[in-house]
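**Q** I have a structure here, written as structure tokens, and I will follow up with some questions on it.
This is how it looks when you write it as structure tokens:
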């Protein structure tokens with residue numbers, strides 16, 4: 636059996652945790668259940684992570700790196716501020732669609748009864764998303780794509796609220812309600828209000 640690369644077991648643990656979060660029916664994940672899925676002891680999990688909270692932090696880091704990497708690429712490539720806003724919102728919805736287990740982390744469902752700092756970190760992530768949307772909205776106003784009178788903070792909060800609402804619908808439906816369903820129509824309604 637070939638030797639594992641350094642850090643490979645950590646990645647395997649996080650991947651299994653994410654897969655377990657994808658179950659259509661929500662059940663709290665215990666370290667015992669996670670260890671059983673990996674066919675290792677709980678002690679083996681704790682050799683790689685000091686706590687279950689640290690495992691969730693690993694998932695949150697993946698979410699942050701993915702979402703902000705994509706948002707930064709959109710901001711760099713897209714010359715239209717309004718198009719940036721639309722693509723960022725669609726990317727947030729598409730991320731949930733492709734990563735249903737991560738959606739449970741984003742909406743806080745997986746973090747219930749876990750360390751409070753995890754939810755605080757998700758709240759910070761939402762704040763950063765709002766700032767990113769606000770910057771693109773400001774750019775759209777400078778380009779004359781939206782009214783200069785548009786309150787960027789209110790518009791960014793509204794857009795994030797729509798995204799988070801779609802994430803909730805997706806998770807609460809057992810991942811049956813596609814977060815991107817009717818997105819072009821929803822975007823047209825939202826864009827008209829800007």
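Residue numbers (this note's numbering): 636 to 829.
We treat Cβ as the ideally placed atom computed from N, Cα and C, and that holds for glycine.
My parser needs the alpha helix (DSSP H) runs of 4 or more residues fully inside the segment 643–682; what are they?
**A** 643–656 and 666–673
**Q** Nearest by alpha-carbon distance to residue 768: which of 733, 706 and 779 is it?
**A** The count along the chain shown starts at 1 and reaches residue 768 at position 133. For residue 768, the closest alpha carbon among the candidates 733, 706 and 779 is that of 706.
**Q** Go ahead and label residue 642 buried or exposed: buried means 16 or more other beta carbons lie within 10 angstroms of its beta carbon, across all protein chains shown.
**A** Mapped onto the chain shown, residue 642 falls at position 7. Residue 642 should be labelled exposed.
**Q** Leaving out the 5 sequence neighbours to the left and right, which residues in its chain are closer than 6 Å to residue 673 when beta-carbon positions are compared?
**A** The residue you call residue 673 lines up with position 38 of the chain shown. So the list reads 651, once near-sequence residues are dropped.
**Q** Out of 693, 809 and 772, state which residue places its alpha-carbon closest to the alpha-carbon of residue 792.
**A** Residue numbering aside, residue 792 sits at position 157 when the chain shown is read from its first letter. Of 693, 809 and 772, the residue nearest in Cα terms is 772.
**Q** Grouping DSSP H, G and I as helix and E and B as strand, with all else coil, what is residue 800?
**A** Against the chain shown, residue 800 aligns to sequence position 165. The answer is helix: DSSP assigns residue 800 an H, G or I state.
**Q** Which two residues bound the contiguous alpha helix (DSSP H) that contains residue 743?
**A** As a position in the chain shown, residue 743 is number 108, starting the count at 1. Neither: residue 743 is in no alpha helix (DSSP H) and is coded neither H nor E.
**Q** What three-state label does DSSP hand residue 750 in the structure shown?
**A** In the chain shown, counting from the first residue as 1, residue 750 sits at position 115. Correct three-state label for residue 750: coil.
**Q** Take residue 659 and list the residues in its own chain whose beta-carbon comes closer than 6 Å to its own, dropping the five residues that flank it on each side.
**A** Translated into the one-based positions of the chain shown, residue 659 becomes position 24. If we look at residue 659 and ignore the five residues flanking it on each side, its Cβ neighbours are 809 and 810.
**Q** Could you give the first and the last residue of the continuous alpha helix (DSSP H) run that contains residue 711?
**A** Taking the first residue of the chain shown as 1, we reach residue 711 at position 76. Start and end: 687–712.
**Q** For the alpha helix (DSSP H) holding residue 780, just list the boundary residues, first then last.
**A** For the purposes of this step, residue 780 is taken as the residue at position 145 of the chain shown. Per DSSP, residue 780 belongs to no alpha helix (DSSP H) and is neither H nor E.
**Q** Count the other CB atoms within 10 Å of the CB of residue 682; is the residue buried (16 or more) or exposed (fewer)?
**A** As a first step, residue 682 is located in the chain shown; it is residue number 47 there, counting from the start. The residue in question, residue 682, is exposed, as its Cβ has fewer than 16 Cβ neighbours within 10 Å.
**Q** Skipping 5 residues on each side, what residues in its chain have a beta carbon closer than 7 Å to that of residue 796?
**A** Position 161 of the chain shown, counting from 1, holds the residue named residue 796. Excluding residues within five positions, none has a Cβ falling inside 7 Å.
**Q** Go through its chain and collect everything with a Cβ distance to residue 749's Cβ below 8 Å, but skip five positions before and after it.
**A** Residue 749 sits at position 114 when you count from the first residue of the chain shown. Closer than 8 Å at Cβ, skipping near neighbours: 687, 688 and 691.
**Q** Considering residue 722, what are the terminal residues of the alpha helix (DSSP H) in which it resides?
**A** For the purposes of this step, residue 722 is taken as residue 87 along the chain shown, with counting starting at 1. From DSSP, the alpha helix (DSSP H) with residue 722 extends over 716–733.
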